[in-house]
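*Asks:*
2 protein chains.
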Amino acid sequence: MYSPAQTRILHAALDLFATHGVSGTSLQMIADALGVTKAAVYHRFKAKDDIVLAVTEAELCKLEEALTVARAENDAVEARKLLVRRIIDLSVERKGFVRVLQNDPVVIRLLGEHAPFRAFMSELYATLLDRDDDVEARISAAFFTAAIAGTTVSPFVDDIDADTLRATMIELTERMLKLAPLKGARIR
Amino acid sequence: MYSPAQTRILHAALDLFATHGVSGTSLQMIADALGVTKAAVYHRFKAKDDIVLAVTEAELCKLEEALTVARAENDAVEARKLLVRRIIDLSVERKGFVRVLQNDPVVIRLLGEHAPFRAFMSELYATLLDRDDDVEARISAAFFTAAIAGTTVSPFVDDIDADTLRATMIELTERMLKLAPLKGARIR
DNA sequence: GTCTATATCGAGATAGAC
DNA sequence: GTCTATCTCGATATAGAC
C-alpha cells in the first residue's frame, strides 16, 4: 500500500498533527523530524492535503475493521458494546490522534467533503445508535464520542496507566449508553 | 477594559477560531469579517498572540465567576454541582469556543505557559475534584470535561434545542461524577 | 481609527541534478 | 529517494498619511 518512505512520513506527520494541529504543522517540520528536505517529502506526496488525507484514512481504516467485526454480531446491543470497546482501545493506543480526528478543523472539513469518509461515518453512527433512539440516547452518544476523544490527553489522567484508563472509560461509557446496568444499582 | 473596536475584534476572532482553529485563522480573515484592513486590527492589538490571549482571558473570566460563586457554597458537593452546571451552561451558550479552549494546540500551549492561566486551572480542578478523590473520580472528571467541550458541536445533536441539550448534559454529568443518584435507580 | 503601501519571512510547491 | 535552488503566495507586522 505505502512505501517505507511514505510510511515514515505518515508516522511523523501523525505525531506532529497531534501536538501542533494540522494547520500548525508545516512540511518543513515533517521533513526535519525525518532528517530530510521538503523536496524529499514532496516526492512521495504531491501536496500537504494528500498527507492529511492518508493519515486520516489510515486511522479510519482501524475504525472500519472494528465496525466490520461489530456488525458480524447478531445482537444489536452486543454489536454496540463491541464497537464501543474497540473505539476506546484505539483512543488509548493512538493517544492524541483521536482528538485530532474529532477536533482539528482541517480534518473535520476533510471528513465532511470527502464522500467515502462521510459514508463511513454514517455507517459508524448508525451502528452506535438504534434507528429509533430517543434524544437522550443521541446526546449520550455525542457526549461519549467527545469524551473518549479528549480523555486520554487530559491533564487529570496524566499519571494513570493505560489499562486502568481503558477499563474505567469502558465502564463509564457503557453506563452512559445504557449498554449495561449500573454496577450495584437496579432500575425500578 | 476593552474599547468598542477591540471588543468587535475579539468577537470576530472568537467565531473564526471556533470554525478554523487559531492557526487556521489569519489576521486578514479577522479584518475581512469586520470589513476593515489588517492595519486597523494591528492598531488595537500589536500581535496575533495578543488577540488569542485576550480571547482566552475573556472566556476564562466567565469560568472564574462561576468558580467564585461555587466556592461561596459551604457544602463541597453542592459547590461542585453548581460549578458543573455553570460550565455546561457556558459551553452551550458559547458553543464552539469551549472546544477551542480545550483542544486547540495554540490555546493549550498558552494555558500551559501563561502563569495566571495555570494557577486558575489548578484552582478550577481542585474544586471539581475532592482532595482525596480516587482514580475513577479523576477519570470521570477528565471524561466529562472532554465530553462537554465536544458535545455541543457534535453532528449527533445538530437538531436538538439548547435547553434539552443542557438539561440532558447536566443529568449525564451528575450521574457520571456521582453528584446525584440515578433517576429511577437506587444504590443497594 | 482607519487607510495605503511596504518590508520580511515562512509556507506550499516545482525543476532538475545526483 | 534525496538533494539544492528557486518560485509564488500569503502571513505577520510596520510606516506614515488622513
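Protein sequence lines correspond, in order, to chains A and B. Using this note's numbering, the first residue of the first sequence is number 29, and each one after it goes up by one. Using this note's numbering, the first residue of the second sequence is number 29, and each one after it goes up by one. Glycine is no exception: its CB is placed at the ideal position from the N, C-alpha and C atoms.
So, for B/Leu193: in the same chain, excluding its five sequence neighbours on each side, which residues have a beta-carbon less than 8 Å away from its beta-carbon?
*Replies:* Position 165 of the second sequence holds residue 193 of chain B. Closer than 8 Å at the Cβ level, and outside the excluded window around B/Leu193, lie Val120, Thr179, Thr180, Val185.
*Asks:* Quick one: any contact between the region 94-110 of chain B and the region 74-82 of chain B, if contact means 3 or more CB pairs under 8 Å?
*Replies:* Contact between the region 94-110 of chain B and the region 74-82 of chain B is absent, because fewer than three Cβ pairs lie under 8 Å.
*Asks:* Taking the Cβ atom as the reference point for each residue, do A/Phe172 and B/Ala195 lie within a distance shorter than 8 Å?
*Replies:* By one-based count along the first sequence, residue 172 of chain A stands at place 144. By one-based count along the second sequence, residue 195 of chain B stands at place 167. No, the pair does not count as a contact, with Cβ atoms beyond the cut-off.
*Asks:* Counting contacts by CB-CB distance shorter than 8 Å, is A/Gln130 in contact with chain B?
*Replies:* Within the first sequence, residue 130 of chain A is the residue found at index 102, counting from 1. With 8 Å as the cut-off, A/Gln130 counts as an interface residue toward chain B.
*Asks:* Suppose only complete runs of 4+ residues qualify. What are the alpha helix (DSSP H) ranges in the region 47-74 of chain A, listed by chain order?
*Replies:* Runs of the alpha helix (DSSP H) inside the region 47-74 of chain A: 55-62, 66-72.
*Asks:* Use the C-beta contact count for B/Gly49: other C-beta atoms within 10 angstroms, 16 or more gives buried, fewer gives exposed.
*Replies:* Taking the first residue of the second sequence as 1, we reach residue 49 of chain B at position 21. By the neighbour-count rule (16 or more Cβ atoms within 10 Å), B/Gly49 is buried.
*Asks:* By the three-class DSSP mapping on this structure, what secondary structure does B/His142 have?
*Replies:* The residue given as residue 142 of chain B occupies position 114 in the second sequence. B/His142: coil per DSSP, three-state reduction.
*Asks:* Please name the residue in B/Leu44, B/Phe148, B/Val134, B/Ala40 whose C-alpha comes closest to that of A/Thr53.
*Replies:* Counting from one through the first sequence, the residue named residue 53 of chain A turns up at place 25. Answer by Cα proximity: B/Val134.
*Asks:* Is B/Met204 close to chain A, meaning its C-beta is less than 8 Å from at least one C-beta of that chain?
*Replies:* Taking the first residue of the second sequence as position 1, residue 204 of chain B is located at position 176. Yes, B/Met204 counts as interfacial toward chain A.
*Asks:* Please report whether the beta-carbon of B/Val83 lies at a distance below 8 Å from any beta-carbon of chain A.
*Replies:* As a first step, residue 83 of chain B is located in the second sequence; it is residue number 55 there, counting from the start. Taking Cβ atoms only, chain A never reaches closer than 8 Å to B/Val83, which makes this a no.
*Asks:* When you compare each of A/Thr155, A/Asp189, A/Asp187 to A/Ala94 by their alpha carbons, which one comes out closest?
*Replies:* Here residue 94 of chain A refers to the residue found at position 66 of the first sequence. Among A/Thr155, A/Asp189, A/Asp187, the Cα nearest to that of A/Ala94 belongs to A/Thr155.
*Asks:* Using alpha carbons as the reference points, say which of B/Pro32, B/Asp60, B/Asp43 lies closest to B/Phe125.
*Replies:* Counted from its first residue, the second sequence places residue 125 of chain B at position 97. Of B/Pro32, B/Asp60, B/Asp43, the residue nearest in Cα terms is B/Asp43.
*Asks:* Could you tell me which chain B residues have their CB closer than 8 Å to the CB of A/Ala175, listed as they occur along the chain?
*Replies:* Residue mapping note: residue 175 of chain A aligns to position 147 of the first sequence, counting from 1. Ordered by position in chain B, the residues that pass the 8 Å Cβ test against A/Ala175 are Phe171, Phe172, Ala174, Ala175, Gly178.
*Asks:* Please confirm if B/Phe184 has its CB atom under 8 Å from at least one CB of chain A.
*Replies:* Along the second sequence, one-based indexing puts residue 184 of chain B at 156. It does: the Cβ of B/Phe184 has a partner Cβ on chain A nearer than 8 Å.
*Asks:* For A/Asn102, name the three-state secondary structure that DSSP assigns.
*Replies:* For this step, residue 102 of chain A is matched to residue 74 along the first sequence. DSSP places A/Asn102 in coil when its eight states are reduced to three.
*Asks:* Give me, in chain order, the residues of the same chain whose beta-carbon lies closer than 6 Å to that of A/Ala67; leave out the 5 immediate sequence neighbours on both sides.
*Replies:* In the first sequence, residue 67 of chain A corresponds to position 39, counting from 1. Contacts found: none.
*Asks:* Output the distance between the C-alpha atoms of B/Ser168 and B/Leu157, rounded to the nearest integer angstrom.
*Replies:* Taking the first residue of the second sequence as 1, we reach residue 168 of chain B at position 140. Taking the first residue of the second sequence as 1, we reach residue 157 of chain B at position 129. Roughly 10 Å between the two C-alpha positions.
*Asks:* From the DSSP output, in three-state form, read off B/Thr179 for me.
*Replies:* Counted from its first residue, the second sequence places residue 179 of chain B at position 151. Three-state DSSP puts B/Thr179 in a helix.
*Asks:* Using 8 Å for Cβ pairs, my map puts B/Leu91 next to B/Leu152. What's the rounded Cβ distance?
*Replies:* Translated into positions along the second sequence, residue 91 of chain B becomes position 63. Translated into positions along the second sequence, residue 152 of chain B becomes position 124. At roughly 7 Å, the Cβ-Cβ gap stays under 8 Å, so B/Leu91 and B/Leu152 are in contact.
*Asks:* Roughly how many angstroms separate the alpha carbons of A/Phe45 and A/Asp132, rounded to a whole number?
*Replies:* For the purposes of this step, residue 45 of chain A is taken as the residue at position 17 of the first sequence. For the purposes of this step, residue 132 of chain A is taken as the residue at position 104 of the first sequence. One C-alpha to the other measures close to 9 Å.
*Asks:* Strictly below 7 Å CB to CB, what residues from chain B border A/Thr192?
*Replies:* Along the first sequence, read from residue 1 onward, the residue named residue 192 of chain A stands at position 164. Within chain B, the residues near A/Thr192 are Val163.
*Asks:* Where does B/Asp189 sit, in a helix, a strand or coil, going by DSSP?
*Replies:* Start at 1 with the first residue of the second sequence, and residue 189 of chain B comes out as number 161. Correct three-state label for B/Asp189: coil.
*Asks:* Just to confirm the assignment, what range does the alpha helix (DSSP H) spanning B/Arg127 have?
*Replies:* Here residue 127 of chain B is taken as the residue at index 99 of the second sequence, counted from 1. From DSSP, the alpha helix (DSSP H) with B/Arg127 extends over 125-131.
*Asks:* Look at the Cβ atom of A/Met204, then the Cβ atom of B/Met204, and state whether they are nearer than 8 Å.
*Replies:* On the first sequence, residue 204 of chain A is found 176 positions in, with the first residue counted as 1. On the second sequence, residue 204 of chain B is found 176 positions in, with the first residue counted as 1. In contact: A/Met204 and B/Met204 (Cβ atoms closer than 8 Å).
*Asks:* Does any residue of chain B have a CB that is nearer than 8 Å to the CB of A/Met197?
*Replies:* Position 169 of the first sequence, counting from 1, holds the residue named residue 197 of chain A. It does; some Cβ of chain B falls within 8 Å.
*Asks:* As a quick exercise: from B/Met29, B/Phe148, B/Lys206, B/Arg122, pick the residue whose alpha carbon is nearest that of B/Arg218.
*Replies:* No answer is possible for residue 218 of chain B: the residues shown for chain B start at 29 and end at 216.
*Asks:* Excluding the 5 residues flanking A/Ile58 on each side, which residues of the same chain have their C-beta closer than 7 Å to its C-beta?
*Replies:* Counting from one through the first sequence, the residue named residue 58 of chain A turns up at place 30. For A/Ile58, where only same-chain residues beyond five positions count, the Cβ hits under 7 Å are Ile37, Ala40, Ala41, Leu44, Val69.
*Asks:* On the CB-based measure, 16 or more other CB atoms within 10 Å of its CB, does A/Thr96 come out buried or exposed?
*Replies:* Within the first sequence, the letter at position 68 stands for residue 96 of chain A. The residue is exposed, with fewer than 16 neighbouring Cβ atoms inside 10 Å.
*Asks:* Give me, in chain order, the residues of the same chain whose beta-carbon lies closer than 8 Å to that of A/Leu210; leave out the 5 immediate sequence neighbours on both sides.
*Replies:* For the purposes of this step, residue 210 of chain A is identified with residue 182 of the first sequence, where counting begins at 1. With a pLDDT of 45 at A/Leu210, under the threshold of 50, the predicted position of this residue should be treated as unreliable, and no value is reported.
*Asks:* Can you find a CB in chain A that lies within less than 8 Å of the CB of B/Leu207?
*Replies:* Residue 207 of chain B sits at position 179 when you count from the first residue of the second sequence. Not one chain A Cβ lies under 8 Å of B/Leu207.
*Asks:* Taking 8 Å as the CB-CB cut-off, is A/Leu62 touching chain B?
*Replies:* Numbered from 1 along the first sequence, position 34 holds the residue referred to as residue 62 of chain A. Answer no: the Cβ-Cβ gap between A/Leu62 and chain B never drops below 8 Å.
*Asks:* Roughly how many whole angstroms lie between the Cα atoms of B/Ala33 and B/Gly63?
*Replies:* Taking the second sequence and counting its residues from 1, one reaches residue 33 of chain B at position 5. Taking the second sequence and counting its residues from 1, one reaches residue 63 of chain B at position 35. Distance between the alpha carbons of B/Ala33 and B/Gly63 is about 12 Å.
*Asks:* Using DSSP with H/G/I as helix, E/B as strand and the rest coil, what is B/Leu157?
*Replies:* Taking the second sequence and counting its residues from 1, the one referred to as residue 157 of chain B is at position 129. Residue state, collapsed to three classes: coil.
*Asks:* Please state whether DSSP places B/Ala150 in a helix, a strand or coil.
*Replies:* Along the second sequence, one-based indexing puts residue 150 of chain B at 122. The residue asked about is misnamed: residue 150 of chain B is Ser in this sequence, not Ala. Three-state DSSP puts B/Ser150 in a helix.
*Asks:* Could you tell me whether the Cβ of B/Arg127 comes closer than 8 Å to any Cβ of chain A?
*Replies:* On the second sequence, position 99 is the one that residue 127 of chain B refers to. Closer than 8 Å: yes.
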